[in-house]
Amino acid sequence: ETYETILVERKGRVGLITLNRPKALNALNTQLMNEVVAAATAFDRDPEIGCLVITGSEKAFAAGADIKEMQGNRFPDVYLDDWLGPWDRLGALRKPVIAAVAGFALGGGCELAMLCDVLLAADTAKFGQPEIKLGVIPGIGGSQRLTRAVGKAKAMELCLTGRMMGAEEAERAGLVSRIVPADQLLSEALATAETIAAMSAPAAIMMKESVNRAFETTLAEGVRFERRLFHAAFATADQKEGMTAFAEKRPPEFQNR
Ligand code: HXC
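Going letter by letter, the sequence shown gives residues 5 to 261 in UniProt numbering.
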């Protein structure tokens, strides 16, 4: 598969997708959307891959949807085309996805980062939902995921003013899992992804499903869902191996990974 707007690499059991439209600060046009979704779906189905990393450049993770491309859009066309619908498939991947964000993550760029499971930020990262300045609102979940991540007051303020927030504010607010120096962002993201990819794949997928359930249902239902998967984990060879290895004081050799 050849792509024009992204770079795709395998790093052992990690699938790396680098957004690559440097002249447009990785603005998310339709081609880039389709390529990211296709590459991520292929990694998700690949048994040799255990975790994905999506990153951008030093200057921009992504500066949002491509404004020049969408400028002339009209309602019936975008509605009938289900424009932006393919991004939902990214949120539906089964394997864990890490967003490694340096520089601008604005509009659709911030939303793309929030579609991922772990959000690592360089100290240079800047997050925002500036759609309001263009006379629109977010379109791939920004008003929903940002609000769940940082709470109503901060989400409202960010979305209504369009201001950017830096990495430290984003970490304090709970949007990012941690901040790393910009020159270590990719190596840290890959190391985290390798750690995840070395786990039992069924356990990692159950874990992702279970954490995501917290955003979809009540506490009682979420706990019940977790309990069912927890019990199911005892049907895997990796559970036997993980616990035997602990008892024998050696590292586990998971089969399903
Ligand atoms: C198209 C974009 C772009 C975008 C930047 N560029 N962002 N092109 N769509 N979202 C282009 C510029 O036009 C310019 O091209 C080049 O990238 C470099 O950008 P500059 O503005 O010159 O860089 P700088 O002065 O450093 O400013 C960086 C910036 C600014 C603050 C990030 O570019 C900016 O405000 N961009 C728009 C951010 C935004 O509003 N995003 C939300 C989009 S709406 P030329 O050819 O002039 O060199 C959205 C809706 C979500 O995302 C829907 C779901 C996907």
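All C-beta atoms, glycine included, are put in the ideal place defined by N, C-alpha and C.
Which whole-angstrom value is the C-beta distance of L179 and V154, which I expect to be below 8 angstroms? The Cβ separation is near 6 angstroms, so the contact holds.
Would you kindly work out how many angstroms separate the C-alpha atoms of L29 and L164, rounded to a whole number? Taking the straight line joining both Cα atoms gives about 23 angstroms.
Any heavy atom of the ligand HXC closer than 7 angstroms to the CB of E135? Answer for E135: yes, Cβ within range of the ligand HXC.
My parser needs the alpha helix (DSSP H) runs of 4 or more residues fully inside the stretch 201 to 255; what are they? Here the runs fully enclosed are 205 to 217, 223 to 237 and 241 to 251.
Limits of the unbroken beta strand (DSSP E) element including L110: That run of the beta strand (DSSP E) goes F108 to L110.
Using 7 angstroms as the cut-off, classify the Cβ of F108 as near or not near the heavy atoms of the ligand HXC, replying yes or no. For the ligand HXC, at least one heavy atom lies less than 7 angstroms from the Cβ of F108.
Exposed unless 16 or more other CB atoms sit within 10 angstroms - verdict on D242: Buried, by the Cβ-count rule.
Between E115 and P142, which are expected to be in contact by the criterion C-beta below 8 angstroms, what is the C-beta distance as a whole number of angstroms? Yes, they are in contact, since the Cβ atoms of E115 and P142 sit about 6 angstroms apart, within 8 angstroms.
Spatial neighbours of I200 within its chain, please: CB distance less than 7 angstroms, with the 5 preceding and 5 following residues excluded, ordered by chain position. Counting only Cβ-Cβ distances below 7 angstroms, and skipping sequence neighbours, we find G54, C55, P100 and A208.
Once you ignore the five residues that flank C120 on each side, which residues in its own chain have a CB closer than 7 angstroms to its CB? Excluding residues within five positions, the ones whose Cβ falls inside 7 angstroms are I58, V101, I102 and A103.
Shorter than 7 angstroms, the distance from the beta carbon of D70 to the closest heavy atom of the ligand HXC, or not? Indeed, a heavy atom of the ligand HXC lies less than 7 angstroms from the Cβ.
Delimiting residues of the beta strand (DSSP E) encompassing E39: Taken as a continuous stretch (DSSP letters only), E39 belongs to no beta strand (DSSP E), being part of the alpha helix (DSSP H) at T34 to R49.
If I follow the unbroken alpha helix (DSSP H) through F79, where does it start and stop? For F79, the enclosing alpha helix (DSSP H) stretches over residues F79 to D85.
Pairwise C-alpha distance: Q133 and G112: Approximately 8 angstroms, taken between the alpha carbons.
Bounding residues of the beta strand (DSSP E) (the contiguous stretch that carries G132): For G132, the enclosing beta strand (DSSP E) has its first and last residue at K130 to G132.
C-alpha distance - A171 paired with K27, whole-angstrom precision: A171 and K27 have their C-alpha atoms spaced approximately 24 angstroms apart.
Only counting the same chain, and skipping five residues up and downstream in sequence, which positions put a Cβ closer than 7 angstroms to that of V184? These residues qualify, in order along the chain: L124, A126 and E192.
With respect to the alpha helix (DSSP H) encompassing R93, which residues constitute its N-terminal and C-terminal limits? Run containing R93: W91 to G95, per the alpha helix (DSSP H) assignment.
I'd like the list of long-range same chain contacts for F219, defined as Cβ closer than 8 angstroms, with 5 residues on each side in sequence excluded. Short of 8 angstroms from the beta carbon of F219, and not among the five residues preceding or following it, lie these beta carbons of its own chain, in chain order: R152.
Any chance the CB of E115 is under 7 angstroms from a heavy atom of the ligand HXC? Within the cutoff, so yes.
Report the residue ranges of all alpha helix (DSSP H) runs contained in full by the stretch 109 to 184; include only those spanning at least 4 residues, in chain order. Qualifying alpha helix (DSSP H) stretches, in chain order: 112 to 119, 146 to 154, 156 to 165 and 171 to 177.
Which residues bound the beta strand (DSSP E) around K15? K15 -> beta strand (DSSP E) spans I10 to K15.
Beta-carbon spacing of A106, L189 below 8 angstroms: Yes, they are a contact pair.
May I have the straight-line CA-CA distance separating E62 from D48, to the nearest angstrom? E62 and D48: Cα-Cα distance of roughly 26 angstroms.
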